[in-house]
Amino acid sequence: MLQKSNMIKIMDLYFDNPNEIYCLKDISIKIKLAHTSVKNNLNNLIKLNLISEIIEKRGKRKFPFYKANVDFDLFKKYKIIYNISKILNSKLIDFLNDNLMPKSIILFGSFQHGEDLVNSDIDLFIECKSNNIDLKIFEKKLNRKIQLHFNKKFNNYSKELKNNIINGIVLSGYLEVFN
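Numbering of the sequence shown is given in this note's numbering, commencing with residue 18 and proceeding in unit increments.
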């Protein structure tokens, strides 16, 4: 298993809570890292434009707060990679393949675009017949509700949903759009 760098630990915090604003002490406590190391890594992330520093005046003192640049393209790209690795590391795709044997599994929606928030769900298209499968273990691991969209035939969906699925990320199998 690869060891996470301190910079990645900080980014993980923002990937999981993209709209959250943290002070230096909060980040230090959450990722269990010394303030000086957190500050050095935050400065590097600010230079990369992944994080912004906001100065707030409280009384006579000024305090720095940090927030993710969620609209920055590079942040979204890193978040997409983070989201996919989170799904794969949870073994959800292996579980679905073993239990449903679908033709394809496609990630689509806000989670696929790197635009998901804390309360967003994970949308997966499963190309097989509908099945009531318990995903509570994976919802707890991923800290997200998982929506499975079953369809034995992809062509039975509306144009809008087809486009979303086609533009999604194939996590397993092969989506046959044209026969």
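Quick reminder that beta carbons are idealized off the backbone N, C-alpha and C, glycines included.
Small disclaimer: the values here were computed from a predicted structure and weren't measured.
Query	Result
Pair within 8 Å by beta-carbon distance, G3 and K96	In the structure as shown, the chain starts at 18 and stops at 196, and residue 3 therefore has no counterpart that could be examined.
Alpha-carbon to alpha-carbon, N160 and L117	23 Å
Between the CA atoms of N180 and M18 - distance to the nearest angstrom	A caution first: M18 carries a pLDDT of 43, below 50, which makes its placement in the model unreliable, though a value can still be read off. So the alpha carbons of these two residues sit roughly 36 Å apart.
Neighbour-count burial assignment, E76, 16 or more Cβ in a 10 Å radius	In the sequence as displayed, the identity of residue 76 is Gly instead of Glu. Exposed is the call here.
Residue from N172, V87, I72, V135 whose Cα sits closest to the Cα of P81	I72
Sequence-distant residues of the same chain with beta carbon closer than 6 Å to S69, five excluded per side	K84, N86
Presumed contact (8 Å Cβ cut-off) between Y99 and F155, rounded CB distance	That pair is no contact at about 17 Å.
For S121, three-class secondary structure by DSSP	strand
Backbone secondary structure at Y191 - three-state DSSP	coil
Element boundaries [beta strand (DSSP E), containing S69]	68 to 75
8 Å Cβ cutoff met for I110 and F128	no
Span separating the alpha-carbon of I150 from that of N114	12 Å
CA nearest to the CA of K64, picked from D133, L91, K79, I38	L91
D140 in three-state terms, based on DSSP	strand
For M24, the nearest candidate out of E37, H52, I183 (CA to CA)	H52
Residues bridged to I163 (per DSSP)	I139
Ranges of the beta strand (DSSP E) found wholly within the segment 19 to 100, counting only runs of at least 3	38 to 40, 68 to 75, 78 to 85
Assigned secondary structure, I104 (DSSP; H/G/I helix, E/B strand, else coil)	helix
Cross-strand partners of I186 (DSSP beta bridge)	L124
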